[in-house]
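Number of protein chains: 2
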Amino acid sequence: MRPERSEALRPTARRAIVDAAMRLWSVNPGAPLHEVAERAGVGRATLHRHFRGRDALLAEVAHTCLDEMRAVVGVLVTPGASARERLRGMFEAVIPLGDRYSFLQRESVVDEEAVAGYRAQLDWVAALVADLKAEGDVAADVPSAWVVGQIDQLVWTAWNETARGRIAAADAATLAVRTLLEGLGERT
Amino acid sequence: MRPERSEALRPTARRAIVDAAMRLWSVNPGAPLHEVAERAGVGRATLHRHFRGRDALLAEVAHTCLDEMRAVVGVLVTPGASARERLRGMFEAVIPLGDRYSFLQRESVVDEEAVAGYRAQLDWVAALVADLKAEGDVAADVPSAWVVGQIDQLVWTAWNETARGRIAAADAATLAVRTLLEGLGERT
DNA sequence: TTCGGATGAGACACATTAGTCTCGATTGGT
DNA sequence: ACCAATCGAGACTAATGTGTCTCATCCGAA
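Chains as they are written, first to last, in my numbering: chain Y, 4 to 191; chain G, 4 to 191.
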């Protein structure tokens, strides 16, 4: 009757709830908790046993997103890689995560700590932009804030188009790099 | 006591409500109706006198957005203009509207007629992209869907960055065209 | 088999929002 | 000055979401 019971252990429930919330809130940011519980295959009461309330769950979801993002981007610190290579690697790593992170677009009500983490991510991108400029991949006269915003949106657009099946997932990162760099590179 | 009373006529109330909803929902898509009424300087009951419910208001707001967009874009059919000039004109016309249209990003629950209007807008952009390709401004090997999505997002990014004061409004359109075209133009 | 912890289902109270109604006040036109 | 239409304020009900609680059940471990 419940073959998935064996895997629905104690620690797994919490994880399932967070995962369900990520996916559900990415599509419908205002989805009620009972929908999250249902999607997680968990009772409503169990959700409240693990999380004090909606805010607590939202905070944990945000933290999880940022942790995963950090883990994925952390691999890219391979020394010796050019800024352009790091940019491409970042796109390849982050674009597949779009279907779970898109709800973060709304910076609405999140933890103090979470915003700090988000700031750190933006700083990472800002540093990358600085390197791109230093290595001549991005023209110096383009405002860095614009470049950072563009990279942010490129990730979202890439996921958006692949999710709709209009772009092959494999092409997304290549297209993103090309779109960004050959649009902001040194004028020819 | 109420100097604005003279202008708060019968037909104006409806308009004020729609306008308030546009601006408010752009920032907070889930804002309750009493906040919309308050922002519009109107009683809650009056709002319900003009609109059957939340859905009806949402529909009218969407229609208004599309109508304004159509009106603004309609001016750009000046014959003889190159595709590139039309693209730039579109950016200049549409970017200032971002603060009222951004809530449309969520295609969530809208009128059947509204989605049709939105499709028409995308078709207009798709036609522009075709012209850009024909005139050699956009490389032929880039998927048109990507270009259309990019233009869409460019508008949003441009407003986002100008709203945060990180980019001068006057530079936004120029930057957008440069970002798009010199990123997707013929390889050099 | 027995026991303890965790779970699911559901009842319940509470808060917020949506929608309706009434009443007194204000406005613009006559 | 008067009248009809509209409006704002507030009371009221219904619907929805949130949070707490109880109880029967299931699972794994002893």
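Ideal Cβ placement from N, Cα and C applies to all residues, glycine included.
What you are looking at is a predicted structure, and each value in this text was computed from that prediction instead of being measured.
Nearest-angstrom Cβ-Cβ length linking residue i and residue j, presumed shorter than 8 Å
i, j, result
"Ala176 (chain G)", "Phe54 (chain G)", "About 35 Å; that fails the 8 Å criterion."
"Ala43 (chain Y)", "Ala23 (chain Y)", "4 Å"
"Arg169 (chain Y)", "Pro146 (chain G)", "7 Å"
"Ala86 (chain G)", "Asp140 (chain G)", "6 Å"
"Leu178 (chain Y)", "Trp149 (chain G)", "6 Å"
"Trp28 (chain G)", "Ala34 (chain G)", "6 Å"
"Val151 (chain G)", "Val180 (chain G)", "With a Cβ gap of about 15 Å, Val151 (chain G) and Val180 (chain G) do not count as contacting."
"Gln153 (chain G)", "Met72 (chain G)", "That pair is no contact at about 18 Å."
"Trp162 (chain Y)", "Gly101 (chain Y)", "3 Å"
"Arg26 (chain G)", "Arg103 (chain G)", "6 Å"
"Val97 (chain G)", "Val75 (chain G)", "7 Å"
Minimum Cβ-Cβ distance from residue i to chain Y less than 8 Å
i, result
"Thr182 (chain G)", "yes"
"Leu178 (chain G)", "yes"
"Gly33 (chain G)", "yes"
Chain-ordered neighbours of residue i on chain G, where CB pairs are closer than 9 Å
i, result
"Ala166 (chain Y)", "By Cβ distance, chain G contributes nothing, its closest Cβ being about 11 Å from Ala166 (chain Y), past 9 Å."
Three-state class that DSSP yields for residue i in the structure shown
i, result
"Pro82 (chain G)", "coil"
"Gly152 (chain G)", "helix"
"Asp58 (chain Y)", "helix"
"Ala143 (chain Y)", "coil"
"Asp114 (chain G)", "coil"
"Asn31 (chain Y)", "coil"
"Ile98 (chain Y)", "helix"
"Ala40 (chain Y)", "helix"
"Ala171 (chain Y)", "coil"
"Glu138 (chain G)", "coil"
"Val21 (chain Y)", "helix"
"Ala11 (chain G)", "At Ala11 (chain G), the pLDDT of 39 sits below 50, so the modelled position is not reliable and the matter cannot be decided from this model."
"Gly2 (chain Y)", "Any answer about residue 2 (chain Y) is impossible in this case: the structure gives chain Y only from 4 up to 191."
"Val75 (chain Y)", "helix"
"Val45 (chain G)", "coil"
CB contact check: residue i to chain G, cutoff 8 Å
i, result
"Ala148 (chain Y)", "yes"
"Glu63 (chain Y)", "no"
"Gln124 (chain Y)", "no"
"Ala173 (chain Y)", "no"
"Asp91 (chain Y)", "First, the residue type needs correcting, since residue 91 (chain Y) is Arg and not Asp in the sequence shown. Chain G, which has no Cβ nearer than 8 Å to the Cβ of Arg91 (chain Y), makes this no."
"Arg169 (chain Y)", "yes"
Under 9 Å by beta carbon: chain Y residues contacting residue i
i, result
"Ile98 (chain G)", "Neighbours of Ile98 (chain G) on chain Y: none; closest Cβ ~13 Å, over 9 Å."
7 Å Cβ cut-off: residues of chain Y touching residue i
i, result
"Thr160 (chain G)", "Gly152, Gln153 and Gln156"
"Asp20 (chain G)", "In the sequence as displayed, the identity of residue 20 (chain G) is Ile instead of Asp. Going along chain Y, no residue has its Cβ under 7 Å from Ile20 (chain G), so there is no contact; the nearest lies around 22 Å."
Within chain G, the residues that residue i reaches when beta carbons sit closer than 7 Å
i, result
"Arg87 (chain Y)", "Correct list: empty, because the minimum Cβ distance to chain G is about 14 Å."
_Tell me whether the segment 154-165 of chain Y and the segment 88-105 of chain Y touch, counting them as touching only if at least three CB pairs, one residue from each stretch, are closer than 8 Å._
yes
Review point. Touching or not, the segment 63-77 of chain G and the segment 116-130 of chain G, by the rule of three or more beta carbon pairs under 8 Å?
Key: yes
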